[in-house]
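Numbering (numbering that gives the first Met the number 0), first residue to last: 0 to 371.
By construction, the Cβ of each residue, glycine as well, lies at the ideal position given by its N, Cα and C atoms.
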Amino acid sequence: MKIERIDVYAVRGPRREAVRSGTTGATPVTASEFGVIRLVTADGCEGLGEISITYPRIGFTLCHAARRLIVPRLLGQDATRLPELLALIDTILAGELSAPYLRAAFEIALLDWTGRQHGVPVWRLLGGKARERVPLAWGIYQNPPDEMARAAEEGLAAGFHAIKLKVGRALADDVAAVRAVAAAIGPGIPLRLDANQAWTSVPAASHAMRALAAEARVAWFEQPLARTNLQGMRLLRQQAIAPVMADESLQTLHDAYEVARAEAADVFNVYICEAGGIQAAAQIFAFAAALGIPCILGSQAEMGIGTAAAAHLGVAVPNLTEAWETFGPLRYVKELVRPATRIEHGYLHPAGGPGLGVTLDEDVLAEWTVGE
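Here you go:
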């Protein structure tokens, strides 16, 4: 079935709350700049994909690259030949750092199209269901400690199964935040502490990790050092302060291999957009399962299409032992898809129907679409 049309929309989705990282000193982000792919074949069947990346402005650059580099090469191609099309995209992008994000967006669209074409949900294309729903953790942005504590309480009240917060500011600020959140939620819920590469050396990371671990039960420290410092991550693991999670160090399957070979992480944080698609993320989960390494699926604050993809992966992968962090649509003032993302009592549910099970809300799409 020939691909007849591919539309690429650059969208700016306003957030409910500004993103404050504290690790870069950047101005807080008030909207996500993503891309939406709509792929249509000659019979009118369509598939939807999403370009998801948290860094401001890069999403629009990727939309431009998709239009200029990928769309012309896919038009007229047979949509049923997914492996060939993905190999073509890999050849076009030739190992660029942004390649996985674009590959993922088109792979999601092609899998959505395949499911719709055959009348089956994407989770069935992945081998079937291992569960009905995906447990979720709630993430807290950097704010004054009392606000962070209140956000943690609200997350638990809504049914979320774990709490994640960013660290990496001045240590006194981090200690105050962790202390406040731990006091608010009690000792039964370990905290996920994400440093986003903030600590510059093993001694600095070790000092901060010990100080924070003294304030709360810590599930793990996420990416305490620079993404390339796998030896340092290994040394931190050996200190056994708390488990160490690889995030920025781990994007593709090859990265997962390198992290495992270096013994640099106790836990993997996997992203569909960074891995290069749903199937690529599933491969990392399978690799981790063979090694006995737990995995979660992380979030770039995906909108409805990206989160729908996460839901289908989440009910299909066998090795889901920890709550995922794919609650992105709750960060936005509106939903981009219909039906709205179903997150209830701390669980993400895949939409019913074939493919991803979602369609675009054309009014929101028109409102959020911006010129190149």
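Just to confirm before moving on: does the CB-CB distance between residue i and residue j stay below 8 Å?
| i | j | result |
| --- | --- | --- |
| residue 255 | residue 286 | yes |
| residue 300 | residue 31 | yes |
| residue 157 | residue 190 | no |
| residue 345 | residue 134 | yes |
| residue 136 | residue 317 | no |
Would you please verify whether the beta carbon of residue i is less than 8 Å from any beta carbon of chain D?
| i | result |
| --- | --- |
| residue 89 | The displayed structure is made up of one protein chain only, and chain D is not part of it. |
In angstroms, rounded to a whole number, what distance separates the CA positions of residue i and residue j?
| i | j | result |
| --- | --- | --- |
| residue 174 | residue 272 | 32 Å |
| residue 132 | residue 342 | 9 Å |
| residue 106 | residue 276 | 6 Å |
| residue 45 | residue 308 | 15 Å |
| residue 21 | residue 303 | With a pLDDT of 49 at residue 21, under the threshold of 50, the modelled position of that residue is not reliable, and no figure is offered here. |
| residue 347 | residue 320 | 15 Å |
| residue 315 | residue 4 | 30 Å |
| residue 115 | residue 49 | 17 Å |
| residue 212 | residue 26 | 29 Å |
| residue 350 | residue 119 | 12 Å |
| residue 145 | residue 160 | 21 Å |
| residue 17 | residue 42 | 42 Å |
| residue 362 | residue 335 | 9 Å |
| residue 101 | residue 65 | 7 Å |
| residue 274 | residue 181 | 33 Å |
| residue 166 | residue 127 | 38 Å |
| residue 360 | residue 233 | 46 Å |
| residue 122 | residue 81 | 16 Å |
| residue 23 | residue 230 | Residue placement at residue 23 is poorly supported in this model, since its pLDDT is 44, which falls under 50; the coordinates still yield a value, given next. Cα-Cα distance, rounded: 23 Å. |
| residue 62 | residue 187 | 44 Å |
| residue 142 | residue 163 | 13 Å |
| residue 195 | residue 223 | 6 Å |
| residue 305 | residue 172 | 33 Å |
Helix, strand or coil: which one does DSSP assign to residue i?
| i | result |
| --- | --- |
| residue 206 | helix |
| residue 218 | strand |
| residue 240 | coil |
| residue 265 | coil |
| residue 246 | coil |
| residue 231 | helix |
| residue 47 | strand |
| residue 162 | strand |
| residue 134 | strand |
| residue 21 | Residue placement at residue 21 cannot be trusted, given a pLDDT of 49 that sits under 50; the coordinates are not used to answer. |
| residue 295 | strand |
Between which two residues does the beta strand (DSSP E) harbouring residue i extend?
| i | result |
| --- | --- |
| residue 137 | 137-139 |
| residue 60 | Counting along the chain, residue 60 falls outside any beta strand (DSSP E), though it belongs to the alpha helix (DSSP H) covering 57-64. |
| residue 193 | 190-193 |
| residue 34 | 28-40 |
| residue 15 | 2-18 |
Return yes when the C-beta of residue i is under 7 Å from any heavy atom of the ligand PLP, and no when it is not.
| i | result |
| --- | --- |
| residue 102 | Inclusion of the ligand PLP in the displayed structure is not the case, the ligand content being empty and no account of it being possible. |
Span of the alpha helix (DSSP H) holding residue i?
| i | result |
| --- | --- |
| residue 311 | 303-315 |
| residue 109 | 98-117 |
| residue 344 | First-last for residue 344: undefined, no H or E at that position. |
| residue 283 | 277-290 |
| residue 155 | 144-156 |
| residue 323 | No alpha helix (DSSP H) holds residue 323; DSSP gives it neither H nor E. |
Tell me residue i's beta-bridge partners as DSSP assigns them.
| i | result |
| --- | --- |
| residue 91 | Beta-bridge pairing links residue 91 to no other residue. |
| residue 67 | Per DSSP, none; premise fails for residue 67. |
| residue 336 | 359 |
| residue 368 | 10 |
| residue 77 | 1 |
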